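When the letters of the sequence shown are read in order and numbered with my numbering, they come out as residues -12 to 469.
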Amino acid sequence: MNVKINLLKPLFVLISVSVLLRFFSFFPSVVNHDESTYIQIAYEMLHGKTYFVDVIDTKPVGIFLIYGFFQTLAGDSIFLFRLFTAIWIAVTALGIFAVTFKISNERISAWTAGILYILATSIFTFYGVSPNTELFFNVFTIWAFYLIIEKQDWWRVAIAGLLLGFAFLVKYVIVVEALVFGFYILWQSKKRKGNWLAGFPLGFCMVLFFFIPLISVYMWYYLAGHEKELLFYTFELPGRYPVDRSISGLALFYLDFFGRYFPITILVILAIKNGRKHFGNIFFLLLSWLAADLLIAGWSGKNFGHYLLQALPVFCILAGIGLIANPVFIKQIRSLKPKVIWGAGIIFFLLYSLAHKTEYFDKEDLPKKIALKMRGKLKRSDNIYTGNYQHILYFLLHKQSPTAYVHRSLIWDEHHSDMLEIDLEQEAKKILSQNPKFILLKEPVPANPVADSIIKYYKPVDTIDGKIFIYNRKTDTTNLPD
């Protein structure tokens, strides 16, 4: 782990690869409604609203701060937000490259790991093409690991703790990685000094810096008088959601991941088979990290595929190790002629680009079409409510949501509205009291008090695609609820 390498060239290559592979996904207004939520809540925060108070979601504040930063740099350009995300992924891949090189001292291993991460997060819509929180906290965890893998100086441990604290503000599940990395620091101290207690000062340093971002956020909310809201959405609300795990559900969840990334899985299996004799005790650390990520991803029982993106950094590191841990395999790879490798790469890229163009660029962008249709009919002072349709329309039309619950599922999904204890009748009154000029509903419309109020006081005036209805106020608005 003593060979040095300049990371500027790999960074340039990885950014280029990430941008090229994700390029066609930069264009549609919506790839995933979670991203729309990040964009809109960040927009409203930049216009003076407070998260957990004026705008509400179930995620920590970190992801909205990141998108607020994107909007500060790029204004209202969704294209540039996606470009920034591609660069963010490339920086994560660079961390994977750097860690793999430190472990293996092999460039081919490092390049394999870094490129595989970009590929794995750029192929499937709900496994990385749509910008989920996992893509954003992975960069903090991989660079935290990079800092401590070789040496555990005070400054390295402190910065690693700070990075993990930032990751925690994006999603709380990274606590398992913090525990694995903390144990690694203690274990390394035991190896050097012969007892576990020798590592506790370093461990305490890591914990102390880990809590700096959290305490900073807490103090902001405390001084603003919103401590109660922060504590509710951070600690009480997650505990309300039922854990519904089943052996069959978890089996399918993990099998889908391993099957979806089958070529990477093969390399990881090769690493598990032969890696111990090549890489010693560091190999057990990587396996512990992978096991912790797989465990936390399936813990809630929700089985959303993007949860497993948390495991991709270490999964790709192991894949890079698997490549060189098998001398026969690596000999066969190196025996391939460059023109064969380049030819296969070009064919893959062309087929991949064609598929992505068809999926993301060629399809009609209905939210953008609706926004263009409505823009000429709205005054600056007019409000809209997107109902159970795409809430990216607020951002496209430079409007703020008439409800604090920006993500449509919080009101329109009974599961969420029950957990949040939303009084839907009162929420309907709040929305309609702001007299939105247009309201959108998408068929089928769930039966709830909000839908009932819309139908009572509004009338359909237009339809898009036969399923999306635009409602306008009825002529007499004197009976709108207060």
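In this text, a Cβ means the ideal position worked out from N, Cα and C, and glycines have one as well. Bear in mind that the values here come from a model prediction, so they are computed numbers and not experimental data.
In this structure, the beta-carbon distance from residue 426 to residue 411 does not fall below 8 Å.
Contact between residue 357 and residue 423 fails: their C-beta atoms lie close to 15 Å from each other, not under 8 Å. In the structure shown, residue 409 adopts coil according to DSSP, grouped into three states. In the DSSP assignment, residue 143 falls outside any beta strand (DSSP E) and within the unbroken alpha helix (DSSP H) covering 141 to 157. Collapsing the DSSP output to three states places residue 228 in coil.
The C-alpha of residue 176 is placed about 60 Å away from the C-alpha of residue 432. DSSP, read as helix, strand or coil, puts residue 392 in strand.
Pairwise C-beta distances place the stretch 144 to 158 out of contact with the stretch 319 to 329, as fewer than three of them are shorter than 8 Å. Beta-bridge partners assigned by DSSP to residue 136: none are found. Residue 413 counts as exposed, since fewer than 16 other C-beta atoms from the protein chains shown sit within 10 angstroms of its C-beta.
Non-local C-beta neighbours of residue 381 in its own chain, meaning closer than 6 Å and more than five positions away in sequence, comprise 27 and 388, ordered along the chain.
The stretch 288 to 304 and the stretch 114 to 130 touch, with no fewer than 3 CB-CB distances between them shorter than 8 Å. Three or more Cβ pairs closer than 8 Å define a contact, and the stretch 262 to 281 falls short of that threshold against the stretch 217 to 233.
Between residue 24 and residue 224, the C-beta gap is not smaller than 8 Å, which leaves the two residues out of contact. Counting only the Cα atoms, residue 190 lies some 37 Å from residue 247. In its chain, beyond the 5 residues on either side, 213 and 216 have a beta carbon closer than 7 Å to the beta carbon of residue 40. Annotation for residue 209: the continuous alpha helix (DSSP H) segment containing it runs 187 to 210. Residue environment for residue 314: exposed (fewer than 16 other C-beta atoms within 10 angstroms of its C-beta).
Between the stretch 393 to 407 and the stretch 328 to 338 there are fewer than three inter-stretch CB-CB distances shorter than 8 Å, so the stretches are not counted as touching. A distance of 8 Å or more separates the beta carbons of residue 7 and residue 251. Within the same chain, Cβ atoms closer than 6 Å to the Cβ of residue 71 are found at 57, the five residues on either side in sequence being excluded. Counted as a single uninterrupted DSSP element, the beta strand (DSSP E) harbouring residue 459 occupies residues 455 to 460. Under the three-state reduction of DSSP, residue 48 is assigned to coil, being neither helix nor strand.
Taking 8 Å as the cut-off, the Cβ atoms of residue 55 and residue 32 count as close. Considered as a whole, the stretch 11 to 72 harbours 20 to 33 and 49 to 61 as its complete alpha helix (DSSP H) runs of no fewer than 4 residues, in chain order.
The shortest CA-to-CA distance from residue 113 to any of 346, 353 and 436 is the one to 346. In this structure, DSSP gives residue 108 a state outside helix and strand, which the three-state scheme calls coil. In the displayed model, residue 447 falls within a strand according to three-state DSSP. With a threshold of 16 other beta carbon atoms within 10 Å, residue 106 meets it and is buried. Judged by beta-carbon spacing, residue 100 lies within the 8 Å limit of residue 84, meaning their Cβ atoms are closer than that value.
Rounded to the nearest whole angstrom, the C-alpha separation of residue 374 and residue 43 is 16 Å.
Between residue 96 and residue 363, the gap from beta carbon to beta carbon reaches 8 Å or more. A check of alpha carbon separations from residue 283 across 87, 237, 436 and -6 identifies 237 as the nearest.
If you ignore the 5 residues before and after residue -2, its C-beta comes within less than 8 Å of the C-beta of 77, 78 and 81, all in its own chain and listed in chain order.
Under the DSSP assignment, residue 170 falls in the alpha helix (DSSP H) whose first and last residues are 162 to 180. Proximity to residue 453 across 157, 353, 124 and 172 peaks at 353, based on C-alpha coordinates.
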